[in-house]
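Q:
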Amino acid sequence: MNTIHPTAVIGDDVELGDNNYVGPYCYLTGYLTVGDNNRFESHCAVGTRPEHTQHWHKDGRTIIGDGGIFREHTSIHAAMTDGLTRVDNDVIMLRGAHVAHDCVIEEGVTLSCDATILGHVHVMKGSNCGTGCKIHQYQVVGSWSMIGMGCIVPKKSKLEPGQTWVGNPARRLKTNMYALDKLNVDEYDLIEETARWTQLVKNHGL
Amino acid sequence: MNTIHPTAVIGDDVELGDNNYVGPYCYLTGYLTVGDNNRFESHCAVGTRPEHTQHWHKDGRTIIGDGGIFREHTSIHAAMTDGLTRVDNDVIMLRGAHVAHDCVIEEGVTLSCDATILGHVHVMKGSNCGTGCKIHQYQVVGSWSMIGMGCIVPKKSKLEPGQTWVGNPARRLKTNMYALDKLNVDEYDLIEETARWTQLVKNHGL
Amino acid sequence: MNTIHPTAVIGDDVELGDNNYVGPYCYLTGYLTVGDNNRFESHCAVGTRPEHTQHWHKDGRTIIGDGGIFREHTSIHAAMTDGLTRVDNDVIMLRGAHVAHDCVIEEGVTLSCDATILGHVHVMKGSNCGTGCKIHQYQVVGSWSMIGMGCIVPKKSKLEPGQTWVGNPARRLKTNMYALDKLNVDEYDLIEETARWTQLVKNHGL
Chain A
1 MNTIHPTAVI GDDVELGDNN YVGPYCYLTG YLTVGDNNRF ESHCAVGTRP EHTQHWHKDG
61 RTIIGDGGIF REHTSIHAAM TDGLTRVDND VIMLRGAHVA HDCVIEEGVT LSCDATILGH
121 VHVMKGSNCG TGCKIHQYQV VGSWSMIGMG CIVPKKSKLE PGQTWVGNPA RRLKTNMYAL
181 DKLNVDEYDL IEETARWTQL VKNHGL
Chain B
1001 MNTIHPTAVI GDDVELGDNN YVGPYCYLTG YLTVGDNNRF ESHCAVGTRP EHTQHWHKDG
1061 RTIIGDGGIF REHTSIHAAM TDGLTRVDND VIMLRGAHVA HDCVIEEGVT LSCDATILGH
1121 VHVMKGSNCG TGCKIHQYQV VGSWSMIGMG CIVPKKSKLE PGQTWVGNPA RRLKTNMYAL
1181 DKLNVDEYDL IEETARWTQL VKNHGL
Chain C
2001 MNTIHPTAVI GDDVELGDNN YVGPYCYLTG YLTVGDNNRF ESHCAVGTRP EHTQHWHKDG
2061 RTIIGDGGIF REHTSIHAAM TDGLTRVDND VIMLRGAHVA HDCVIEEGVT LSCDATILGH
2121 VHVMKGSNCG TGCKIHQYQV VGSWSMIGMG CIVPKKSKLE PGQTWVGNPA RRLKTNMYAL
2181 DKLNVDEYDL IEETARWTQL VKNHGL
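Chains as they are written, first to last, in our numbering: chain A, 1 to 206; chain B, 1001 to 1206; chain C, 2001 to 2206.
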């Protein structure tokens, strides 16, 4: 059973799994599928139309997995026609974080307060996008990255897995040993994910 | 006819034109005039009081033109007494963007996600203020400017028309050929707008 | 008497003093105590749970003093168990500003638009945290500080009282004479507050 606050607005085409909490003033809309055990705190906008001049008036698809935490004033935009915005399991979006159209946010990613992930970005598993960071369209954030507080990531940055990035514009600070140790990542995992990242970067035309 | 979501709150002194969409949890208030064909997605606050210690409890005026797109969590503040906040036709404000009291946002301007335009700023036509940029009070952003993602524009910057700005603090990167070409701006247009910009800068005491 | 908009949601454990204004779509919840004469403009989330992986499902305590201004889309998080989030008298939070769990925001502090104060931060009296600034967890912002627009304050910065900080990462620009003069701060006040700041920095393990 889902717990839905009486002030929440949920569109007709939204499919909710089980055991979700949808708090006050949350707006879930469009062709949106939500898994189980998610918590939408308050004032969330999920599945709204893509921010793209050709798509102000078209609904697209959004899929959200299980176990996510979506805090106050967060937003997740639907994809453009034939696209898909995908937020995998156990993703945390802190207050004010934003995921734009056609993004993929993989398992276990944290988007801190006011982190902004622009259109078509792919954030690979276990990454942490810090408070107020901004990630340019079409970027691929490698697995287990740490994007520092206030870090501005332009199109040309190459965010290979397991690194820490800071500054405006982003520069590599160091290997993200904190995450690699905590998540028990060995060098074979890193090699595998770096290969996957390389392919994604190629697919994104970067 | 306007389409107004039942959860929207619209004040008694608000005048709405025709064919506007006002989505869930939008709050339109104060001495606010809205034209036609605008779309307020959700959780917008428009016409609220100026953020100024002398004006917490006074309503001011706001005028919005036609064809605007105002996405989730955007806000536009009314002017101080005898002032005017003006948002012209075809302005796009992406999720979380903010226009403070007594601003002028000219035709065709885009304010990207979380762009913050502080009090008394004048953004000239066709400019693009990037994701998370912050523009200091009383600035004048020249026509066809591109203010880059995360760019912080202090009071002393001189943003003449047709340029691209990046960094914290803002520095000029290059001529914004992308916009000038796309919008078919020739050198006479640029000279004219630069003259208008020079006058506005003078009026703003910069 | 308090003025509470019919769309506001106020939890059972919230205690409101007198003469507060709670505007549309405000959500006040948790073990929250609010003094007198505060204004919550719209879309505020106050007293919601701490953003901490161990505390998604636990309510904590929040105390707000008198005479505060809390604008659109602001948020204040409750403390973790046994902790306290404290916002003292005459605090101003402009649109989109955020105070995380277990913070102390002292009297007369202004948090400008989209300023983000992360967990366990202590902002000492009379400080001004500028538009879009980000303050790292456990920081202590000295009294009468000016944190500039877009300034990113990492953990290692030492923000002694009465200074102005700018940039990403933060660097000291100058003595904040504007505030010291305006607030009539003499050198004995500064010495006293610097001693208090030194003690707080030590308590915070910085």
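Every residue gets a Cβ at the ideal spot worked out from N, C-alpha and C, and that includes glycine.
Since the structure is predicted, the reported quantities are computational estimates derived from the model, not experimental observations.
Candidates B:Asp1186, B:Phe1070, B:Ile1117 and B:Gly1108: which alpha carbon is nearest B:His1101's?
A: Taking the first residue of the second sequence as position 1, residue 1101 of chain B is located at position 101. Comparing Cα-Cα distances from B:His1101 to each of B:Asp1186, B:Phe1070, B:Ile1117 and B:Gly1108, the minimum goes to B:Ile1117.
Q: Could you tell me whether the Cβ of B:Asp1012 comes closer than 8 Å to any Cβ of chain C?
A: Within the second sequence, residue 1012 of chain B is the residue found at index 12, counting from 1. For B:Asp1012, the answer is no, since every Cβ of chain C falls outside 8 Å of its Cβ.
Q: Are three or more beta carbon pairs between the stretch 2187-2206 of chain C and the stretch 2127-2142 of chain C nearer than 8 Å?
A: yes
Q: Restricting to Cα atoms, I'd like to know which of B:Trp1056, B:Leu1159 and B:Gly1065 is closest to B:Met1080.
A: Along the second sequence, one-based indexing puts residue 1080 of chain B at 80. It is B:Trp1056 whose Cα lies nearest to the Cα of B:Met1080.
Q: Compare the Cα-Cα distances from C:Gly2068 to each of C:Pro2154, C:Lys2058, C:Ile2105 and C:Pro2161 and report the closest residue.
A: Reading the third sequence from its first residue, position 68 is the one you call residue 2068 of chain C. The shortest C-alpha separation from C:Gly2068 is found at C:Ile2105.
Q: Where A:Arg196 and C:Thr2131 are concerned, what is the direct C-alpha to C-alpha distance, given to the nearest angstrom?
A: Position 196 of the first sequence holds residue 196 of chain A. Position 131 of the third sequence holds residue 2131 of chain C. When rounded, the distance between both Cα atoms is 38 Å.
Q: So with CB distances below 7 Å, who are the chain C contacts of A:Met177?
A: Your numbering for residue 177 of chain A matches position 177 in the first sequence. The contacting residues do not exist; A:Met177 stays about 17 Å from chain C at best.
Q: Roughly how many whole angstroms lie between the Cα atoms of B:Cys1113 and A:Gly119?
A: On the second sequence, residue 1113 of chain B is found 113 positions in, with the first residue counted as 1. On the first sequence, residue 119 of chain A is found 119 positions in, with the first residue counted as 1. If I take the Cα positions, the gap works out to 11 Å.
Q: If I follow the unbroken beta strand (DSSP E) through A:Gln199, where does it start and stop?
A: Your numbering for residue 199 of chain A matches position 199 in the first sequence. Not the beta strand (DSSP E): A:Gln199 falls in the alpha helix (DSSP H), residues Glu187 to Asn203.
Q: I'd like to know if the stretch 1038-1045 of chain B and the stretch 1071-1090 of chain B are in contact, where contact means that at least 3 CB-CB pairs between them fall below 8 Å.
A: Remark: three or more beta-carbon pairs, one from each stretch, lie closer than 8 Å, so the stretch 1038-1045 of chain B and the stretch 1071-1090 of chain B are flagged as touching.
Q: Give the residues of chain A in contact with C:Trp2056, contact being defined as C-beta atoms less than 7 Å apart.
A: The sequence position of residue 2056 of chain C within the third sequence is 56, counting from 1. What C:Trp2056 touches in chain A: Arg39 and Ile69.
Q: Can you have a look at B:Met1149 and say buried or exposed, based on whether 16 or more other CB atoms are within 10 angstroms of its CB?
A: Taking the first residue of the second sequence as 1, we reach residue 1149 of chain B at position 149. Buried, by the Cβ-count rule.
Q: Under 8 Å by Cβ, that's how I've got A:Tyr25 and C:Tyr2025 pegged, so tell me the actual separation to the nearest angstrom.
A: If you number the first sequence from 1, residue 25 of chain A lands on position 25. If you number the third sequence from 1, residue 2025 of chain C lands on position 25. A:Tyr25 to C:Tyr2025, Cβ: 5 Å. Contact.
Q: Have a look at A:Ala78, A:Asn37 and A:Glu41 and flag the residue whose alpha-carbon is nearest the alpha-carbon of A:His52.
A: Here residue 52 of chain A is taken as the residue at index 52 of the first sequence, counted from 1. That would be A:Ala78, whose Cα lies nearest to the Cα of A:His52.
Q: To which residues of the same chain is C:Met2146 closer than 6 Å at the C-beta, ignoring the five residues directly before and after it?
A: The residue you call residue 2146 of chain C lines up with position 146 of the third sequence. Asn2128, Thr2164 and Asn2176, listed in sequence order.
Q: What residue range is occupied by the uninterrupted alpha helix (DSSP H) comprising B:Ala1045?
A: Taking the second sequence and counting its residues from 1, one reaches residue 1045 of chain B at position 45. Counting along the chain, B:Ala1045 falls outside any alpha helix (DSSP H), though it belongs to the beta strand (DSSP E) covering Ala1045 to Thr1048.
Q: Give me the Cα-Cα distance between B:Leu1206 and C:Val2153, rounded to the nearest whole angstrom.
A: For the purposes of this step, residue 1206 of chain B is taken as the residue at position 206 of the second sequence. For the purposes of this step, residue 2153 of chain C is taken as the residue at position 153 of the third sequence. B:Leu1206 and C:Val2153: Cα-Cα distance of roughly 29 Å.
Q: Under the DSSP definition of a beta bridge, which residues are partnered with C:Glu2015?
A: Within the third sequence, residue 2015 of chain C is the residue found at index 15, counting from 1. According to DSSP, C:Glu2015 bridges with C:Thr2033.
Q: Out of curiosity, what's the CA-to-CA distance linking B:Thr1033 and B:Gly1108?
A: To locate residue 1033 of chain B, count along the second sequence from 1; it is residue 33. To locate residue 1108 of chain B, count along the second sequence from 1; it is residue 108. Rounded to the nearest angstrom, the two C-alpha atoms are 19 Å apart.
Q: Under a three-way DSSP split, which group does A:Lys134 fall into?
A: On the first sequence, position 134 is the one that residue 134 of chain A refers to. A:Lys134: strand per DSSP, three-state reduction.
Q: When you compare the CB positions of C:Arg2095 and B:His1098, do they come within less than 8 Å of one another, or not?
A: Within the third sequence, the letter at position 95 stands for residue 2095 of chain C. Within the second sequence, the letter at position 98 stands for residue 1098 of chain B. It is a contact, given that the beta carbons lie within the stated cut-off.
Q: Can you check DSSP and say which residues form a bridge with C:Leu2028?
A: Numbered from 1 along the third sequence, position 28 holds the residue referred to as residue 2028 of chain C. DSSP output for C:Leu2028 lists C:Ile2010 and C:Val2046 as bridge partner(s).
Q: Kindly identify the DSSP beta-bridge partner or partners of C:Leu2180.
A: Residue 2180 of chain C sits at position 180 when you count from the first residue of the third sequence. The partner list for C:Leu2180 (beta bridge, DSSP) is empty, contrary to what the question assumes.
Q: Might you give, ordered along the chain, the residues of its own chain that have their beta carbon closer than 6 Å to the beta carbon of C:Leu2159, omitting 5 neighbours on each side?
A: By one-based count along the third sequence, residue 2159 of chain C stands at place 159. Around C:Leu2159: Val2141, Gly2142 and Ser2145.
Q: Under three-state DSSP, which class holds C:Asn2038?
A: Taking the first residue of the third sequence as 1, we reach residue 2038 of chain C at position 38. Here C:Asn2038 sits in coil by DSSP.
Q: Taking only three categories from DSSP, how would you classify C:Leu2118?
A: Counting from 1 along the third sequence, the entry for residue 2118 of chain C is found at position 118. Note: C:Leu2118 maps to coil in three-state DSSP.
Q: Taking only beta carbons into account, state which residues of the stretch 2090-2101 of chain C come closer than 9 Å to chain B, listed in chain order.
A: Of all residues in the stretch 2090-2101 of chain C, Ile2092, Leu2094, Arg2095 and Gly2096 have a Cβ within less than 9 Å of some Cβ in chain B.
Q: What are the residues in the stretch 113-132 of chain A lying within 9 Å of chain C by C-beta distance?
A: Cys113, Asp114, Gly130, Thr131 and Gly132
Q: Listing by chain order, which chain C residues have their CB less than 8 Å from the CB of B:Thr1164?
A: For the purposes of this step, residue 1164 of chain B is taken as the residue at position 164 of the second sequence. Near B:Thr1164 there are no residues of chain C at all, since even the closest Cβ is about 18 Å away, more than 8 Å.
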